[in-house]
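Participant: Just passing along the structure, written as structure tokens.
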Amino acid sequence: MIEYLVDPEIFSQISGENFLEIKTQILKLKYSISTHSAYTSYLRRTYLSNFHLIDEYLYSIEETIKRISVIKPMTNEDKESFKKEIFYEGLPSTLKIEFAAEGSENVEKIITQIRKTEEQIVNSFNLNNSKRLSRPAGT
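According to UniProt numbering, the sequence shown is numbered sequentially starting from 1.
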């Protein structure tokens, strides 16, 4: 069945017993060893300040780590550890100082704090905009 879904040239380069093995081999063809350093370099230059929200930042890190793990298999623990390292490195210095007591190992607590702060900012922005809209003309 898979031979009908995959280009014959690509299919000739892969073999496997099950779909997962075949899928992994196809992905390895797409993400070669040379792209590993490019993805790692990208992660090292990824900063929270490049994104509007913490969840966008986390998504970018997680998706890039998924691609890296296709090239160089990683355990879930390795992925999580790498994610925490990259996340903490990408924080602005002011946040690193503020969260120094938490330490880089407690990333989940830092993420929760940042999400709460984002929520307060969004709520404040929405409140201020609704006040402006509700004022009568000429006041």
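Where a beta carbon is used, it is the ideal one built from N, C-alpha and C, also for glycine.
A quick note: this is a predicted structure, and the numbers were derived from the prediction, not measured.
Nearest-angstrom Cα distance between residue 118 and residue 125?
Facilitator: 10 angstroms
Participant: Can you tell me which of 128, 90, 129, 77 puts its alpha carbon nearest to the alpha carbon of residue 111?
Facilitator: Ranking the options by Cα distance to residue 111, first place goes to 90.
Participant: What are the start and end residues of the alpha helix (DSSP H) that includes residue 99?
Facilitator: Unbroken run through residue 99: none, as it is neither H nor E.
Participant: Going by Cα to Cα distance, which pick from 50, 42, 56 is closest to residue 115?
Facilitator: 56
Participant: Which residue's Cα is closest to the Cα of residue 58: 123, 107, 122?
Facilitator: Per the Cα distances, 107.
Participant: Restricting to runs no shorter than 4 residues, where is the alpha helix (DSSP H) found entirely within the stretch 52 to 79?
Facilitator: Runs of alpha helix (DSSP H) with 4 or more residues, each lying fully within the stretch 52 to 79, are found at 54 to 71, listed in chain order.
Participant: Considering just the uninterrupted stretch of the alpha helix (DSSP H) at residue 46, what are its terminal residues?
Facilitator: From DSSP, residue 46 is part of no alpha helix (DSSP H); its letter is neither H nor E.
Participant: Do residue 86 and residue 46 have their C-beta atoms closer together than 9 angstroms?
Facilitator: yes
Participant: Measuring alpha carbon to alpha carbon, tell me which of 40, 129, 100 ends up nearest residue 79.
Facilitator: Checking every option, the nearest Cα to that of residue 79 belongs to 40.
Participant: Please classify residue 2 as buried or exposed, where buried requires at least 16 neighbouring CB atoms within 10 angstroms.
Facilitator: For residue 2, the pLDDT reaches just 49, beneath the cut-off of 50, and the residue's location in the model is therefore unreliable, although a value from the coordinates is still provided. Classification of residue 2: exposed, given that the 10 Å Cβ count is below 16.
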